[in-house]
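Chains as they are written, first to last, in numbering that gives the first Met the number 0: chain A, 0 to 212; chain B, 0 to 212; chain C, 0 to 212; chain D, 0 to 212.
Number of protein chains: 4
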Amino acid sequence: MTTTSQKLIRATELLLRRDGLARVTTREIARQAGVAEGALYHHFGDKAGLLHAVVEHSMGDFREVLENLPLKVGQGTVGKNLEHMLQAAFAFQFRVSPIVGSLLADHQLLARAREILRQRCIGPRRSVDVLAAYLQAEQRLGRVAAEVIPHSAAELLLASGFNAAMFDHFLARDMGPEAVCQRIKDSIQTLMSGLEPRCSVPPTVQHDRITER
Amino acid sequence: MTTTSQKLIRATELLLRRDGLARVTTREIARQAGVAEGALYHHFGDKAGLLHAVVEHSMGDFREVLENLPLKVGQGTVGKNLEHMLQAAFAFQFRVSPIVGSLLADHQLLARAREILRQRCIGPRRSVDVLAAYLQAEQRLGRVAAEVIPHSAAELLLASGFNAAMFDHFLARDMGPEAVCQRIKDSIQTLMSGLEPRCSVPPTVQHDRITER
Amino acid sequence: MTTTSQKLIRATELLLRRDGLARVTTREIARQAGVAEGALYHHFGDKAGLLHAVVEHSMGDFREVLENLPLKVGQGTVGKNLEHMLQAAFAFQFRVSPIVGSLLADHQLLARAREILRQRCIGPRRSVDVLAAYLQAEQRLGRVAAEVIPHSAAELLLASGFNAAMFDHFLARDMGPEAVCQRIKDSIQTLMSGLEPRCSVPPTVQHDRITER
Amino acid sequence: MTTTSQKLIRATELLLRRDGLARVTTREIARQAGVAEGALYHHFGDKAGLLHAVVEHSMGDFREVLENLPLKVGQGTVGKNLEHMLQAAFAFQFRVSPIVGSLLADHQLLARAREILRQRCIGPRRSVDVLAAYLQAEQRLGRVAAEVIPHSAAELLLASGFNAAMFDHFLARDMGPEAVCQRIKDSIQTLMSGLEPRCSVPPTVQHDRITER
DNA sequence: AATGAATGAGCTTTCATTCAT
DNA sequence: GATGAATGAAAGCTCATTCAT
Chain A
0 MTTTSQKLIR ATELLLRRDG LARVTTREIA RQAGVAEGAL YHHFGDKAGL LHAVVEHSMG
60 DFREVLENLP LKVGQGTVGK NLEHMLQAAF AFQFRVSPIV GSLLADHQLL ARAREILRQR
120 CIGPRRSVDV LAAYLQAEQR LGRVAAEVIP HSAAELLLAS GFNAAMFDHF LARDMGPEAV
180 CQRIKDSIQT LMSGLEPRCS VPPTVQHDRI TER
Chain B
0 MTTTSQKLIR ATELLLRRDG LARVTTREIA RQAGVAEGAL YHHFGDKAGL LHAVVEHSMG
60 DFREVLENLP LKVGQGTVGK NLEHMLQAAF AFQFRVSPIV GSLLADHQLL ARAREILRQR
120 CIGPRRSVDV LAAYLQAEQR LGRVAAEVIP HSAAELLLAS GFNAAMFDHF LARDMGPEAV
180 CQRIKDSIQT LMSGLEPRCS VPPTVQHDRI TER
Chain C
0 MTTTSQKLIR ATELLLRRDG LARVTTREIA RQAGVAEGAL YHHFGDKAGL LHAVVEHSMG
60 DFREVLENLP LKVGQGTVGK NLEHMLQAAF AFQFRVSPIV GSLLADHQLL ARAREILRQR
120 CIGPRRSVDV LAAYLQAEQR LGRVAAEVIP HSAAELLLAS GFNAAMFDHF LARDMGPEAV
180 CQRIKDSIQT LMSGLEPRCS VPPTVQHDRI TER
Chain D
0 MTTTSQKLIR ATELLLRRDG LARVTTREIA RQAGVAEGAL YHHFGDKAGL LHAVVEHSMG
60 DFREVLENLP LKVGQGTVGK NLEHMLQAAF AFQFRVSPIV GSLLADHQLL ARAREILRQR
120 CIGPRRSVDV LAAYLQAEQR LGRVAAEVIP HSAAELLLAS GFNAAMFDHF LARDMGPEAV
180 CQRIKDSIQT LMSGLEPRCS VPPTVQHDRI TER
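What follows is the structure in structure tokens.
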């Protein structure tokens with residue numbers, strides 16, 4: 000059985016992605032959910048309340064993945080660990096991107112959202128901090144190069160996913176899951192190896208695998 | 000002398016950053032600019048027209064920097080070239096971030112903006128492509144490691160700046176120019192060196208390549 | 000044991016005085032009474048039905064006092080008889096003032112209330128008539144001056160109380176019982192003696208007892 | 000030429016008297032005034048603002064009459080002076096009665112109205128004070144009986160008019176101007192002469208003074 | 001070119017009322 | 001009798017846009 004609140008949250012997610020907050024009216028949400036407009040106010044107080052419920056719902060298992068990252072230090076390979084984390088991050092970022100965009104368009108909503116995120120220790124800054132801490136720990140074990148600035152690397156990795164989510168949204172394109180997966184792998188490979196030529200690797204090897212897209 | 004259109008564009012930029020599009024009314028824009036509401040319609044046709052004028056105005060010299068990037072191939076150092084490009088990119092991203100947010104909140108506006116950007120070859124995809132082409136060229140010269148996936152590296156670098164701009168906006172913080180400059184340098188250093196320990200570290204530790212497709 | 004209907008009536012009286020009908024919702028009434036909203040409809044049919052029950056309940060012993068007034072003709076003093084009657088009238092007027100206000104704001108409710116009052120011979124006009132009849136009877140006995148217009152005097156006396164009740168409500172002040180009592184006594188004294196100087200009383204006597212308030 | 004604001008004020012007065020505030024919608028006001036709903040907000044900010052404009056407009060020349068009352072001390076006859084003042088008072092009270100009633104139904108509006116009245120020194124208390132001061136001055140001249148309590152007499156007189164206005168409204172009756180005029184004259188005559196039989200009646204009958212405090 | 005009063009469609013929100021449990 | 005989630009009509013209000021001056 001789907002409850003009224005669930006119907007409303009699902010309808011809102013759908014419409015937000017399709018039309019953008021500014022075009023999504025409470026009337027339309029109720030219609031799409033197949034319930035009366037009043038139900039929205041009964042369950043969520045107001046439109047903003049519903050929006051925040053949608054954000055919560057969008058978090059999925061990202062939080063859990065974030066909490067477990069510290070346990071991975073020294074386990075498996077750094078690349079695999081990063082990959083797992085970024086998959087979860089991207090799923091989250093993809094779901095919230097329509098809302099984050101909308102919040103930037105309304106600073107009143109934004110202020111309210113910021114406060115909620117702060118209270119729950121789940122803001123964007125926190126993700127960066129957790130990832131940076133992980134990288135630093137691996138650095139101590141010698142599994143990450145000493146020259147690396149952990150915070151900077153963490154930003155680079157997470158920004159990549161967030162950016163991709165925003166672009167998908169911006170360009171109204173919809174990468175399939177395999178494309179997403181490959182994009183994440185590519186980012187990690189690039190960041191793992193670094194731009195500077197390695198001493199041992201002769202620069203004679205030409206490769207061109209990534210150019211046709 | 001400041002013309003009426005200039006006054007309107009400046010007022011809009013200010014209010015967009017301060018309050019977000021959803022809270023910015025034509026009345027408020029006119030008041031802030033010190034002109035009548037009707038003037039807005041004389042000069043820009045409608046509110047969306049004004050918005051697009053603001054985007055154009057926000058581009059600054061970024062376009063020029065982008066055009067000149069191919070000429071830098073093989074010149075100076077890769078790091079310096081990237082740094083110069085990212086500085087200009089960030090300045091642009093910082094200015095447009097309030098507008099990008101607003102566009103994501105209103106897919107009708109977004110569609111119109113997308114069309115304009117496509118016509119002018121100035122969309123976000125274009126920046127990535129130009130930067131990727133630059134990196135590939137440097138790679139052919141051996142100034143960038145062979146394992147690097149140019150497109151992926153370009154995304155990583157630009158995403159970093161865009162992300163930072165969005166976060167500044169999201170968190171209502173305002174990094175000073177020096178902090179911005181340092182952040183960009185850090186990103187480049189991190190990406191240049193790569194996460195994997197360099198040759199000096201005994202190469203016995205095998206790291207998993209994530210290239211299997 | 001307090002029944003559900005009693006709880007609802009009390010809650011309504013309280014909220015009506017505190018917030019005014021326009022701000023009193025059925026939900027709030029139910030909450031204050033500690034019962035479900037539906038109960039209101041079981042017991043009173045609709046919100047207007049509840050309101051009329053509150054009016055009935057507010058009548059207290061005023062009706063009885065009114066009925067007994069004719070029996071007082073020629074008994075005790077005119078002043079004491081009037082005082083007793085006005086005390087009861089004021090208590091009633093004080094209780095109904097929030098409701099009278101509300102009725103004046105909604106002529107649909109008002110029409111319904113008017114009908115009920117007419118059927119029960121308890122409208123405001125009836126009070127004036129009863130009091131006027133009493134004064135006329137006393138006039139025949141020579142205990143009230145012959146020049147007095149009984150209906151006019153009755154209006155003056157009742158208006159005074161109604162007015163005071165409305166003002167208490169309007170000014171959100173709350174005269175204590177002693178102040179009310181004194182005000183009624185003053186009104187009666189003033190009306191008893193009349194404004195015109197009495198032949199026998201020399202106007203040389205200065206008095207100033209009432210000026211500091 | 001009738002301006003938009005004037006049209007709105009007139010329409011509101013009409014509808015308020017006919018239907019009561021709770022039944023008067025902004026849509027209906029605009030329709031009756033023959034202007035767009037937005038005009039209401041352009042000129043008065045909100046519905047409450049319009050209401051206050053209606054009150055101001057309803058004041059007519061009452062304020063002026065009130066200001067001039069002190070100049071009448073010792074002039075003409077007390078009865079005529081009172082009559083003139085009460086005529087103006089009633090005209091005002093009659094016009095505002097629909098609004099006063101409505102305010103009592105909505106304490107939020109009421110609070111705002113109270114504040115405005117206080118700032119303008121034009122509340123109901125002020126009228127009583129001015130009239131009481133007049134009576135006291137006449138008392139010093141011996142033109143009003145020494146036993147009279149000026150404040151109480153002032154209340155009695157003004158309450159009479161306010162009450163009549165409320166009743167006209169409550170009973171949906173509409174006294175013609177002559178009836179109003181006569182009622183006012185009757186009230187004054189009654190209050191001038193007083194209820195107690197005059198000297199011609201043997202003063203042997205002791206009446207109880209109710210002054211003990 | 002510039003003005004700003006006027007417009008009115010459409011928004012979010014409220015709340016008396018119903019009805020399955 | 002009692003409950004309270006669900007309803008949906010209708011309210012106050014906003015704001016991009018027009019147009020006579």
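Beta carbons are placed, not taken as given, at the ideal position from N, Cα and C, and that holds for glycine. Given the structure is predicted, the values throughout are model-derived calculations rather than measurements.
{"Query": "What is the DSSP secondary structure of D/Asp45, reduced to helix, strand or coil?", "Result": "coil"}
{"Query": "Report yes if the CB atom of D/Leu103 is closer than 8 angstroms to the CB atom of C/Phe166, and no otherwise.", "Result": "no"}
{"Query": "Taking the C-alpha atoms as reference points, what is the distance between B/Leu140 and A/Arg139?", "Result": "34 angstroms"}
{"Query": "Return the Cβ separation of C/Ile21 and D/Asp18 in integer angstroms, given the expectation that the two are a contact with Cβ distance under 8 angstroms.", "Result": "Ile is not the amino acid found at residue 21 of chain C; the sequence shown has Ala there. No, C/Ala21 and D/Asp18 are not in contact; Cβ-Cβ is about 14 angstroms, not under 8 angstroms."}
{"Query": "Whose C-beta lies closer than 6 angstroms to the C-beta of D/Arg16 among residues of the same chain, with five residues either side of it excluded?", "Result": "Pro97"}
{"Query": "Report yes or no: do the stretch 35-55 of chain B and the stretch 73-93 of chain B share at least 3 C-beta pairs separated by less than 8 angstroms?", "Result": "no"}
{"Query": "Less than 8 angstroms separating the beta-carbons of C/Phe61 and C/Phe93?", "Result": "no"}
{"Query": "With DSSP collapsed to three states, give me the class of C/Val64.", "Result": "helix"}
{"Query": "In angstroms with no decimal places, state the Cα-to-Cα distance between C/His51 and C/Lys6.", "Result": "15 angstroms"}
{"Query": "I'd like the list of long-range same chain contacts for C/Ile8, defined as Cβ closer than 7 angstroms, with 5 residues on each side in sequence excluded.", "Result": "Ala52, Val53, His56"}
{"Query": "Report yes or no: do the stretch 174-189 of chain C and the stretch 176-188 of chain D share at least 3 C-beta pairs separated by less than 8 angstroms?", "Result": "no"}
{"Query": "Using a Cβ-Cβ cutoff of less than 7 angstroms, which residues in the same chain neighbour D/Gln31 once the five nearest sequence positions on both sides are dropped?", "Result": "Ala10, Leu13, Leu14"}
{"Query": "Would you report the Cα separation of B/Glu82 and B/Ile187, rounded to the nearest angstrom?", "Result": "7 angstroms"}
{"Query": "Looking only at its own chain, which residues have a Cβ that is under 8 angstroms from the Cβ of A/Thr24, when we skip the five neighbours before and after it?", "Result": "none"}
{"Query": "For D/Leu130, does the three-state DSSP call read helix, strand or coil?", "Result": "helix"}
{"Query": "Let me know if A/Pro149 comes out buried or exposed under the rule of 16 or more other beta-carbons within 10 Å of its beta-carbon.", "Result": "buried"}
{"Query": "Give a yes or no on whether the minimum CB-CB distance between A/Thr25 and chain B is below 8 angstroms.", "Result": "no"}
{"Query": "Quick one, which of C/Ala136, C/Glu177, C/Gly175, C/Leu68 has its alpha-carbon nearest D/Leu194's?", "Result": "C/Ala136"}
{"Query": "Report the residue from B/Arg117, B/Leu39, B/Asn80 whose alpha carbon sits nearest the alpha carbon of B/Thr2.", "Result": "B/Leu39"}
{"Query": "Between the C-alpha atoms of A/Leu157 and A/Asn80, what's the straight-line distance to the nearest angstrom?", "Result": "14 angstroms"}
{"Query": "May I ask which residues mark the beginning and end of the alpha helix (DSSP H) holding B/Gly175?", "Result": "Looking at the DSSP string, B/Gly175 is not in any alpha helix (DSSP H), and its letter there is neither H nor E."}
{"Query": "Which whole-angstrom value is the C-beta distance of A/Glu130 and A/Leu68, which I expect to be below 8 angstroms?", "Result": "Per the sequence shown, residue 130 of chain A should be read as Leu rather than Glu. Between A/Leu68 and A/Leu130 the Cβ distance is about 7 angstroms, and since that is below 8 angstroms, they are a contact."}
{"Query": "Please classify D/Glu211 as buried or exposed, where buried requires at least 16 neighbouring CB atoms within 10 angstroms.", "Result": "Because the pLDDT at D/Glu211 is just 40, under 50, the model does not fix this residue reliably, and the point stays unresolved."}
{"Query": "Helix, strand or coil: how does DSSP classify A/Asp167 here?", "Result": "helix"}
{"Query": "For the alpha helix (DSSP H) that contains A/Arg30, what are its first and last residues?", "Result": "25-32"}
{"Query": "From this set, A/Glu177, A/Asn162, A/Phe161, A/Glu154, which residue's C-alpha is nearest B/Leu190's C-alpha?", "Result": "A/Glu154"}
{"Query": "Helix, strand or coil for A/Gln74 per DSSP?", "Result": "coil"}
{"Query": "For A/Gly122, collect the residues of the same chain with a Cβ closer than 6 angstroms to its Cβ; drop the 5 residues on either side in sequence, then sort them by chain order.", "Result": "Leu116"}
{"Query": "Should D/Gly100 be counted as a contact of the ligand HEM given a C-beta to heavy atom distance under 7 angstroms?", "Result": "The ligand HEM is not part of the structure shown, which contains no ligands of any sort."}
{"Query": "Is the shortest distance between the beta-carbon of A/Pro196 and the beta-carbons of chain B less than 8 angstroms?", "Result": "yes"}
{"Query": "Does B/Ile209 come out as helix, strand or coil in the three-state DSSP assignment?", "Result": "Any reading at B/Ile209 must be qualified, since the residue scores a pLDDT of 41, below 50, and its modelled position is unreliable; no value is offered."}
{"Query": "In terms of residue numbering, what span does the alpha helix (DSSP H) encompassing C/Ile115 cover?", "Result": "106-118"}
{"Query": "Under the assumption that B/Val143 contacts A/Pro176 (Cβ atoms under 8 angstroms), give the Cβ distance between them as a whole number of angstroms.", "Result": "B/Val143 to A/Pro176, Cβ: 30 angstroms. No contact."}
{"Query": "Have a look at D/Ala29 and C/Val34 and give me their C-alpha separation to the nearest angstrom.", "Result": "41 angstroms"}
{"Query": "On the CB-based measure, 16 or more other CB atoms within 10 Å of its CB, does B/Glu146 come out buried or exposed?", "Result": "buried"}
{"Query": "My understanding is that C/Gly37 touches C/Ala88, with C-beta atoms under 8 angstroms, so please give their C-beta distance in whole angstroms.", "Result": "Actually they are not in contact, since the Cβ atoms of C/Gly37 and C/Ala88 sit about 38 angstroms apart, beyond 8 angstroms."}
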